[in-house]
Amino acid sequence: MSNVTVAKEVVKETLIGSSEPSQVSAESKARFNSHAVKDAESGELILGFDEFVAAVAPKGEDFHKISREQYFILFRVADTKSVGKVSFADWGIFENLLAKPDAEYEIAFRLFDVERNGHIKYDDFRTLYELNKGPNNIPFDWDSEWAKLYIGSKKNRHTLDYPQFTQMLRGLQGERIRQAFQSFDKDGDGYIDPEEFERIILETAKHKLSDHILQNLHTLCNISASTKISYANVRAFRNVIGEMDLVELILRRAIDKSKDGKITRPEFLNEAATITRFSLFTPMEADVLFHFAGLDEPSGRLGLSDFAKVLDPSWRNPIYDALEGSLLGKKSAGSSILFGVLSSTYNFALGSVAGAFGALMVYPIDLVKTRLQNQRSAVPGQRLYKNSLDCFQKVIRNEGFRGLYSGVLPQLVGVAPEKAIKLTVNDLARKFLTDKRGEIPLWAEMVAGGSAGGCQVVFTNPLEIVKIRLQIQGEVAKTVEGTPKRSAMWIVRNLGLVGLYKGASACLLRDVPFSAIYFPTYSHLKKDLFGETATNKLGVLQLLTAGAIAGMPAAYLTTPCDVIKTRLQVEARKGEQTYNGLRDAAKTIFKEEGFTAFFKGGPARIFRSSPQFGFTLAAYEVLQTLLPMPGSVPESSKIPTSTVVGSLDSSPYGRSRNALKVILDLDEDFGKVKLPNENGWRSLPKIMGGGGQ
1 MSNVTVAKEV VKETLIGSSE PSQVSAESKA RFNSHAVKDA ESGELILGFD
51 EFVAAVAPKG EDFHKISREQ YFILFRVADT KSVGKVSFAD WGIFENLLAK
101 PDAEYEIAFR LFDVERNGHI KYDDFRTLYE LNKGPNNIPF DWDSEWAKLY
151 IGSKKNRHTL DYPQFTQMLR GLQGERIRQA FQSFDKDGDG YIDPEEFERI
201 ILETAKHKLS DHILQNLHTL CNISASTKIS YANVRAFRNV IGEMDLVELI
251 LRRAIDKSKD GKITRPEFLN EAATITRFSL FTPMEADVLF HFAGLDEPSG
301 RLGLSDFAKV LDPSWRNPIY DALEGSLLGK KSAGSSILFG VLSSTYNFAL
351 GSVAGAFGAL MVYPIDLVKT RLQNQRSAVP GQRLYKNSLD CFQKVIRNEG
401 FRGLYSGVLP QLVGVAPEKA IKLTVNDLAR KFLTDKRGEI PLWAEMVAGG
451 SAGGCQVVFT NPLEIVKIRL QIQGEVAKTV EGTPKRSAMW IVRNLGLVGL
501 YKGASACLLR DVPFSAIYFP TYSHLKKDLF GETATNKLGV LQLLTAGAIA
551 GMPAAYLTTP CDVIKTRLQV EARKGEQTYN GLRDAAKTIF KEEGFTAFFK
601 GGPARIFRSS PQFGFTLAAY EVLQTLLPMP GSVPESSKIP TSTVVGSLDS
651 SPYGRSRNAL KVILDLDEDF GKVKLPNENG WRSLPKIMGG GGQ
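Residue numbering for the sequence shown follows UniProt numbering, beginning at 1 and increasing consecutively.
Given below as structure tokens:
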């Protein structure tokens, strides 16, 4: 056998496959076996059409752009003998084919290579095309000058080998769009209506575009002053969607250089000029890209989340998702509810751990703050503590190191529901008050934070009154002999339900403004000072610093309310002033101790509240990263890593779908099963002399 013959055989085997089974991975074999059925004639395991589609298109496959029956195109390729069934040997060959770098084009070639000899005849190609094109689709002229250059004129048609066919297929979509534009441009002025442009794209490129683009095709005319769409607009649009991979590369590099994770049109063009040798993208093409990406963000400064709706063809219409969810039935609804419950439990658990950690870290400072605030004498010589440091030293000297943690247990027990409610309400309120562009005004941030602070009082007031009485208890024991030591449960039983909410009005007056100041400050510090974006996650030290700084103004400015709350909630000793409510306490403190009394323990409160919230929120965000919710999608994964269905592209599923997308450049309806009284795709094997199905 000559070298030429050997080479021809190798090329032939590469293009039309081998009859010998290929090496199949254990995973692939398991997938075949899990879907295969026993053949009635031979007793072997085989895949029929339905079984084959189930094997190459899993249950979670998105069929709203490529319908399920169109996967029969791939069945025709895998069914190498045209007998209506795919054997394990056929399956091995098909899987091996999908692993090739040019699998999408090879599948298309094998589909039209009817005689399986490594060449495509024009007549076979036209027969399959006519059988599968849509009945009302825009016609395509196969005798055009463009087509003649690839397949020859009517009198001199020639066969296409693999390289020639793939090159023709590469430019086919652009020619279809050109011919369609020309057919609608009746008066020859180079303009068509937006509705006509929409029809052209829906019939030629729907399978490669996201729902966001498809819904807004008619708005392309808005990139110019005209109410119509020019051919220049159409070509610019076609060039952008044809170079999505390069567009994404440029966008990612430009966004990486941006401090806030967003770029403008000039920044995109500058990066494009740096990456591409001949300034591949024109100003109009940049206009097209930024127009569709910025429909919901008129500022013109866009981030990856904006471009995702253009880059990722798997991006779906939220209305479609909601409709699909309503059609999934009780099972999916139940699963969704269950996942929601598990997610809430997960967030509650993380909030509890983070809150307990934050409280434990600063509890000694909290105890010092409470004792200073409860110190009522206006005469310096009669004061038990001179300042925070003096109080700290005397607690250790009189009560030991454990005295610094008096009352810590109820604090740790109560911090779980408190933090869970606070974080949840703030998140829900922020989402509700965020506009369609993803922005939330400052007043809305303050309302969200204030609402969170108000809701937490249900848990914080009983927690605070028990904690405060336990914190003061050690001090009383040293000044009044014979004072019994009370437990947290004794205090709860003694106070009763009503007593546990003593000073609740002061607690509200403290917690509402605290949270209204704290949460917006924390959010803006992360974003404006440390530059947090979707692609720039902050480190633990940055989160801790942002949380600590945000707590400083919130803690100090609400100290007067905290002083009043402490005085109302602490158990007065014999001879000490008692108060009849919020107003009376404020008047009496001001009259007897002066204005400065309202800021007693202010520095201690800053040193306690500031780092506590820093530790809590930093721990919460770190725990979310280290212990992600099982089944949840990380934030980074929500931004497309590829222009075609993310990480699924390299799998057999993704390669199968991509092969269909190349074939559908011929016609959006290609491969759809015809009505019973029409010649359809399923009768194709009979036409070719095969066994049929």
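Note that beta-carbon positions come from the ideal geometry of N, C-alpha and C, so glycine has one too.
Asked: Whole-number beta carbon distance between G407 and residue 750, since they are thought to touch under 8 Å; Found: This structure cannot speak to residue 750, because the chain is shown only from 1 to 693.
Asked: DSSP state of Y579 mapped onto helix, strand, coil; Found: coil
Asked: Validate contact between the segment 252–268 and the segment 217–233 using beta carbons, cut 8 Å, 3 pairs; Found: no
Asked: Assigned exposure category for M489 - 16 Cβ within 10 Å defines buried; Found: exposed
Asked: Boundaries (first-last residue) of the alpha helix (DSSP H) holding A554; Found: V540 to L557
Asked: Where residue 694 falls, given that 16 or more other Cβ within 10 Å makes a residue buried; Found: Lying outside 1 to 693, the shown extent of the chain, residue 694 is not represented and no answer is given.
Asked: First through last residue of the alpha helix (DSSP H) which encompasses I177; Found: Y162 to F184
Asked: Alpha-carbon spacing of I200 relative to V56, whole angstroms; Found: 30 Å
Asked: Presumed contact (8 Å Cβ cut-off) between R430 and I421, rounded CB distance; Found: R430 to I421, Cβ: 15 Å. No contact.
Asked: Cut-off 6 Å between Cβ atoms - residues of its own chain near L529, not counting five sequence neighbours on either side; Found: none
Asked: Candidates L280, F165 and M361, of which the one nearest S610 by Cα; Found: M361
Asked: Contact check, L508 vs V458, beta carbons under 7 Å; Found: no
Asked: Cut-off 6 Å between Cβ atoms - residues of its own chain near K121, not counting five sequence neighbours on either side; Found: T159
Asked: Own chain, CB closer than 6 Å to R110, minus 5 neighbours either side, in chain order; Found: V77
Asked: Cβ distance (whole Å) where E95 is taken to contact S183 below 8 Å; Found: Actually they are not in contact, since the Cβ atoms of E95 and S183 sit about 42 Å apart, beyond 8 Å.
Asked: Per-residue burial, E106 [other beta carbons within 10 Å of its own, 16 or more giving buried]; Found: buried
Asked: Alpha-carbon spacing of R622 relative to T616, whole angstroms; Found: Before going further, note that residue 622 is Val rather than Arg in the sequence given. V622 and T616: Cα-Cα distance of roughly 10 Å.
Asked: First and last residue of the uninterrupted alpha helix (DSSP H) at K148; Found: E145 to I151
Asked: Length of the line joining the Cα atoms of G614 and A546; Found: 7 Å
Asked: Closest by C-alpha distance to T424, when choosing among Y385, L350 and L389; Found: L350
Asked: Where the alpha helix (DSSP H) through P283 begins and ends; Found: P283 to A293
Asked: Contact under 7 Å by Cβ, F670 with N137; Found: no
Asked: CB contact flag (Q411, A359, <7 Å); Found: yes
Asked: V368 classed as buried or exposed, judged by whether at least 16 other C-beta atoms fall within 10 angstroms; Found: buried
Asked: Cut-off 6 Å between Cβ atoms - residues of its own chain near Y501, not counting five sequence neighbours on either side; Found: N461
Asked: Beta bridge counterpart(s) of I192 as assigned by DSSP; Found: I229
Asked: Range covered by the alpha helix (DSSP H) that runs through Y105; Found: A103 to F112
Asked: 8 Å Cβ shell around Y405 - same chain, five flanking residues per side excluded; Found: Y363, P364 and L367
Asked: Counterpart residues of G303 in DSSP-defined beta bridges; Found: K262
Asked: Residue of R170, L304 and C221 minimising C-alpha distance to M284; Found: C221
Asked: Cβ separation of A586 and I564, assumed to be a contact under 8 Å, to the nearest whole Å; Found: 6 Å
Asked: Cutoff 8 Å; reference H35; Cβ partners in own chain excluding five residues on either side; Found: L47, E51, F52, A54 and A55
Asked: For L47, the residue or residues it bridges with in DSSP; Found: V86
Asked: Within 7 Å, strictly: CB atoms of D665 and G134; Found: no
Asked: Pair within 7 Å by beta-carbon distance, E307 and A293; Found: Position check: residue 307 holds Phe in this sequence, whereas Glu was assumed. Result yes, Cβ atoms of F307 and A293 sit closer than 7 Å.
Asked: Beta-carbon proximity of A618 to L544, cut-off 7 Å; Found: yes
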